[in-house]
Ligand code: HEM
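Residue numbers (our numbering): 74 to 515.
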């Protein structure tokens, strides 16, 4: 309604924020990652959740960490992770099959999908079993379920506003602020255990790759690798399962493609066109983070693709920036703006990705590594795990839809950002009831 650039008042008496979804402007902000940084007020909390890793680092520290970690996320490294990803998915399929017993059963998918994506991160990140049956896996999943509930409360809504105004709040001796997250504690412990052992010279997981690099003198590992990407990936998969349950024809079309391909070759599955379209549409419409924000640390000028009219009637093609100005970049808006995507922008229509002429030209669409989607941002801080995330989403959806039929239960499922988008039923978080019917393959 307000167009691709507008200025709004922040909560209480904080300075104004510019909300920007103009594709050129957003690309500029992400490309200038060391001019537009994350708000320093939240850094102490980021350390508690994930340690002083990539997500926390800025400037030269970020450049250094990124260079060291990148080889572990290259195309060939992700390809090698495929078989480990499939092992975790097969275990999830077996767990669901056990519950279903050849008949229609109502299951909460949040008990299966996050456990699977966590197990995947354990395997491909550390070569370590984080399955739901292990004490460490269970500890992280339980803590995550509590967090989903906690983040949906009014205090959790208020906390970032207050920290934005009084950054010292994050340093107060409040247990929630000062205690390391369960995930960080577990990862720290496992990292230190693994570092006592000789490095696995053949391991394809991220940790083995980093430890090998450290032996070659390139890196000092600190055991603080976090489990980024476990709840973001599961959030997308869960909500796409709900979309497919509500659109039986789309689900049947995807199943027909998977059955016809009848391949256990991971590359073949990943290149199926309709599965790719469903994955893109899922990411487009169900971005698990709805936005990100940045603060400029020096004066600059942001170029705009579409001219904007100011309140004084003047039309500008760029906006001047002063050090300290804040920006919000709304992925959800960029991925579902009806002026860009058309009148069905808010509907789940995978066909738009494969029908000739259904999409506007590339220059009208957001920039990103997985083309035309803003979910993984862009530039030097582009999500390092995006290839793994896309691989996981495709392989999980392929196995789920091939093995089960999913039906909507009629229960109203609401979607809240808590802190990534999660399904809620009657105010209770991590709830996605679906009816599941096993499919017999002859
Ligand atoms: C659907 C799944 C995922 C989505 C939507 C997603 C999205 C994002 C976004 C938006 C950012 C940038 C945040 C910012 O700078 O404001 C990011 C950064 C990052 N992501 Fe992901 N991510 C996903 C999966 C993963 C996975 C699977 C991993 C790792 C295994 C991962 C690891 C990271 C890391 C380490 C960063 C920080 C990169 C840096 O600052 O240099 N993500 N992700």
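From the three backbone atoms N, C-alpha and C, an ideal C-beta is built for every residue, glycine too.
Margin query: Between residue 283 and the ligand HEM, is there a pair consisting of the residue's CB and a ligand heavy atom that are separated by less than 7 angstroms?
Written below: Because no heavy atom of the ligand HEM lies under 7 angstroms away, the Cβ of residue 283 does not count as near it: no.
Item checked: Through-space distance from residue 146 to residue 341, alpha-carbon basis -> 20 angstroms
Item checked: Buried versus exposed, by CB contacts within 10 Å (16 or more), residue 86 -> exposed
Check: In whole angstroms, what separates the C-alpha of residue 399 from that of residue 451?
Finding: 18 angstroms
Note to self: Going by C-alpha to C-alpha distance, which of 81, 336, 100 and 80 sits closest to residue 439?
What the structure shows: 100
Next item on the list: Return the first residue and the last residue of the alpha helix (DSSP H) that residue 347 is part of.
Entry: 346-358 is the span of the alpha helix (DSSP H), which, as asked, contains residue 347.
Check: In the DSSP assignment, what are the bridge partners of residue 364?
Finding: According to DSSP, residue 364 bridges with 403.
Next item on the list: Express the C-alpha separation of residue 394 and residue 372 in angstroms, rounding to a whole number.
Entry: 5 angstroms
Item checked: Cβ contact check for the region 330-348 and the region 428-445: 3 or more pairs under 8 angstroms -> Result no; under three Cβ-Cβ pairs closer than 8 angstroms.
Next item on the list: Please look up how many angstroms separate the CB atoms of residue 315 and residue 97, rounded, as I've assumed it's under 8 angstroms.
Entry: No, residue 315 and residue 97 are not in contact; Cβ-Cβ is about 34 angstroms, not under 8 angstroms.
Check: Does the beta carbon of residue 136 fall short of 7 angstroms from some heavy atom of the ligand HEM?
Finding: no
Notebook entry, point to check: Under the rule that 16 or more other beta-carbon atoms within 10 Å means buried, what is residue 230, buried or exposed?
Noted result: It counts as exposed.
Notebook entry, point to check: Going along the chain, which residues of its own chain have a beta-carbon closer than 7 angstroms to the beta-carbon of residue 202, five neighbours each way excluded?
Noted result: In the same chain as residue 202, and ignoring 5 residues on each side of it, the C-beta atoms closer than 7 angstroms to its own belong to 195, in chain order.
Next item on the list: Helix, strand or coil for residue 297, going by three-state DSSP, please let me know.
Entry: Confidence in residue 297 is poor, its pLDDT being 40 and thus under 50, which makes the residue's placement too unreliable to answer from.
Check: Relative to the alpha-carbon of residue 234, which residue among 376, 207 and 88 has its alpha-carbon at the smallest distance?
Finding: 88
Next item on the list: Express the C-alpha separation of residue 402 and residue 92 in angstroms, rounding to a whole number.
Entry: 6 angstroms
Note to self: Would the region 154-167 count as touching the region 486-497 if we require 3 or more Cβ pairs under 8 angstroms?
What the structure shows: no
Next item on the list: Determine the burial state of residue 396: buried for a count of at least 16 other Cβ atoms within 10 Å of its Cβ, exposed for fewer.
Entry: exposed
Next item on the list: Would you mind working out which of 80, 475 and 502 sits nearest residue 485, comparing C-alpha positions?
Entry: Of the candidates 80, 475 and 502, the residue whose Cα lies closest to the Cα of residue 485 is 502.
Notebook entry, point to check: My guess is that residue 493 and residue 366 are in contact by the Cβ rule of under 8 angstroms, so how many angstroms apart are they, rounded?
Noted result: Contact flag wrong, Cβ pair sits at about 15 angstroms.
Notebook entry, point to check: Which runs of the alpha helix (DSSP H) fall wholly inside the region 161-203 and span at least 4 residues, in chain order?
Noted result: 186-199
Next item on the list: Indicate whether residue 279 and residue 197 have their beta-carbon atoms separated by less than 8 angstroms.
Entry: yes
Item checked: Run of the beta strand (DSSP E) containing residue 214, from where it starts to where it stops -> It is not in any beta strand (DSSP E) - residue 214 instead sits in the alpha helix (DSSP H) that spans 208-224.
Checklist line | Presumed contact (8 angstroms Cβ cut-off) between residue 306 and residue 462, rounded CB distance | finding: 5 angstroms
Check: Does at least one heavy atom of the ligand HEM sit under 7 angstroms from the Cβ of residue 391?
Finding: Residue 391: no, Cβ never under 7 angstroms from the ligand HEM.
Notebook entry, point to check: Whose C-beta lies closer than 8 angstroms to the C-beta of residue 324 among residues of the same chain, with five residues either side of it excluded?
Noted result: 317, 318, 474, 478 and 479
Notebook entry, point to check: How many Å lie between residue 116 and residue 232 at the Cα?
Noted result: Residue 116 and residue 232 have their C-alpha atoms spaced approximately 14 angstroms apart.
Notebook entry, point to check: Since residue 369 contacts residue 237 with CB under 8 angstroms, what's their CB separation in whole angstroms?
Noted result: No, residue 369 and residue 237 are not in contact; Cβ-Cβ is about 16 angstroms, not under 8 angstroms.
Margin query: Is any non-hydrogen atom of the ligand HEM found closer than 7 angstroms to the C-beta of residue 199, if you look at the structure I gave you?
Written below: Result no, Cβ not under 7 angstroms from the ligand HEM.
Margin query: On a Cα-Cα basis, can you pick out the residue from 507, 170 and 512 that is closest to residue 179?
Written below: 507
Note to self: Using C-beta distances below 6 angstroms, list every residue in its chain close to residue 388, excluding the 5 sequence neighbours before and after it, in chain order.
What the structure shows: 380 and 382
Check: Excluding sequence positions up to five away, which residues of its chain have a Cβ less than 7 angstroms from the Cβ of residue 205?
Finding: 188, 211 and 214
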